[in-house]
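In this text, residue positions in the sequence shown follow the numbering used here: the first is 32, and each later residue adds one. Here a beta-carbon is modelled for each residue, glycine too, at the ideal position from N, C-alpha and C.
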Amino acid sequence: MPHRYQTAPMPASREPASLLSVDRAVAELRRGRMVAVRAAGGETALVLASEAATPEALDKLGELSGGDFVLAITARRAEVLGLVKSEAQVVALTPGGEISAETLRDIADPLTELPTTDSSQFEIAEAARYGCASAGVGLAKVARLLPAALCAAILDPEADDLDAWAARHDLFVVDAGDVFQYEYTTARTLKMVSEARVPLDGAENTRIIAFRPVDGGLEHLAVLIGEPGADAPVLTRLHSECFTGDLLGSLRCDCGEQLRAAIEAIGKEGCGALLYLAQEGRGIGLVNKLRAYELQDQGFDTIEANEQLGFDADERVYLPAAQMLRTLGIESVRLLTNNPDKVEALARCGVEVAERVSHRFPSNRHNETYLRTKQIRSGHLF
């Protein structure tokens, strides 16, 4: 399995058109529609997000594919359900009999009242790393949906020409390779699209530069304070957006404090950079973060909540941050962080981390368990 911060060996079919292809497929899934996926070796399948499973959708999935479906879920989700412990990233569940759309949705969603589930109800197999089922889960993640998808191999002999077949059935086709390379392709195509002077409290000499991938997707922001030079490591903060903490002042996290204190620290330094990254909820999106909060209220810690949803403890990648820093001419940083994984990740992306600068704040009664979990289970250095 490739390292979390490396790219998949399966190349995107074309660039930047590959981004537009994945964007379109994501839009289809978010609207409850299915898409056709084409993987290496001639494998083809119809994919539907588990959140969109309805009796009508299941009927259409079976009618068009001509075969049975599997429910593709992450190995994390399979393990917390007690189904199987696997080294694979995605597990494919083939129901042993009739199964309702509601049950399929419930298997993917830990916030529902799921009847007792055991491995005898399914034929369980590890999904091919670069196959259609894994691509389906990957698409669901990019769509910021629950990471689960229904996947049915296309058995219709007329689908040998997949593009023509899909056009007849009003389906969009996406290549699995484009899905697996999506994060890498978005990062490498980031370009500066606008810049403005924005005086900040405690850092009046500030510019904000917006970066956008070539497909017009999620934008990341660079907050440049002063004039960072190339002659010394630049004081830098990588800050993942947090609507609840940054904007609303949520007490469940320390994100708002980290953001404002980073600006203050860089302002006192005289120059530096804060990258405001579109990675809400450690990369799972705002809706899933709110789901994780509900699970935390049920007694799960911040890591367990992510795993219950089927995500890793941290789904972020730092390729966009590295690309932004390189574009800004910043090759070496003094990184404001308590997270050693962030130091390692940035270094793996080719940016020298000359020093880790502590970035700690007092806890409150709402976030003390969250911060303690990050220290004990994630190795954060407080």
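{"Check": "For Ile315, the three-state DSSP class (helix, strand or coil)", "Outcome": "coil"}
{"Check": "Top-ranked residue by Cα proximity to Asp140, from Ala109, Ala183, Val101", "Outcome": "Ala109"}
{"Check": "For Met223, the residue or residues it bridges with in DSSP", "Outcome": "Phe242"}
{"Check": "Three-state secondary structure (DSSP) of Gln54", "Outcome": "The question names Gln, but residue 54 in the sequence shown is Asp. DSSP places Asp54 in helix when its eight states are reduced to three."}
{"Check": "Val374 in three-state terms, based on DSSP", "Outcome": "helix"}
{"Check": "Own chain partners of Asn395 with C-beta closer than 7 Å, once the 5 adjacent residues on each side are dropped", "Outcome": "Leu282"}
{"Check": "Segment limits, alpha helix (DSSP H) that includes Val173", "Outcome": "163–173"}
{"Check": "Cut-off 7 Å between Cβ atoms - residues of its own chain near Leu290, not counting five sequence neighbours on either side", "Outcome": "His270, Asp277"}
{"Check": "Contacting residues, own chain, Cβ-Cβ under 6 Å from Ala156 (five flanking each side not counted)", "Outcome": "Ala123"}
{"Check": "Given 8 Å, three or more beta-carbon pairs between the region 170–182 and the region 71–85", "Outcome": "yes"}
{"Check": "Bridge-paired residues (DSSP) for Thr105", "Outcome": "Val121"}
{"Check": "Nearest-angstrom Cβ-Cβ length linking His190 and Ala253, presumed shorter than 8 Å", "Outcome": "Looking at the sequence shown, residue 190 is not His but Ala. With a Cβ gap of about 46 Å, Ala190 and Ala253 do not count as contacting."}
{"Check": "Short Cβ contact (8 Å threshold) for Glu154 with Gly127", "Outcome": "yes"}
{"Check": "Whole-number beta carbon distance between Val348 and Val364, since they are thought to touch under 8 Å", "Outcome": "Contact doesn't hold; Cβ gap of about 17 Å is too wide."}
{"Check": "Residues that Ala179 bridges to, as DSSP identifies them", "Outcome": "Ile104"}
{"Check": "Cβ-based neighbour list, Ala48, same chain, cut-off 6 Å, excluding 5 preceding and 5 following", "Outcome": "none"}
{"Check": "Where Leu402 sits in the DSSP three-state scheme", "Outcome": "helix"}
{"Check": "At least three beta-carbon pairs within less than 8 Å, the region 240–259 to the region 297–315", "Outcome": "yes"}
{"Check": "Spatial neighbours of Val224 in its chain, beta-carbon cut-off 8 Å, leaving aside the 5 residues before and after", "Outcome": "Ala241, Phe242, Arg243, Glu250"}
{"Check": "Of the listed residues Leu317, Leu60, Cys380, Ile361, nearest to Ala263 (C-alpha basis)", "Outcome": "Ile361"}
{"Check": "Helix, strand or coil at Ser363 according to DSSP, with G and I counted as helix", "Outcome": "strand"}
{"Check": "Through-space distance from Ser165 to Leu366, alpha-carbon basis", "Outcome": "34 Å"}
{"Check": "Cα-Cα separation between Glu144 and Val111, rounded to whole angstroms", "Outcome": "15 Å"}
{"Check": "Ala159 (DSSP reduced to helix, strand or coil)", "Outcome": "coil"}
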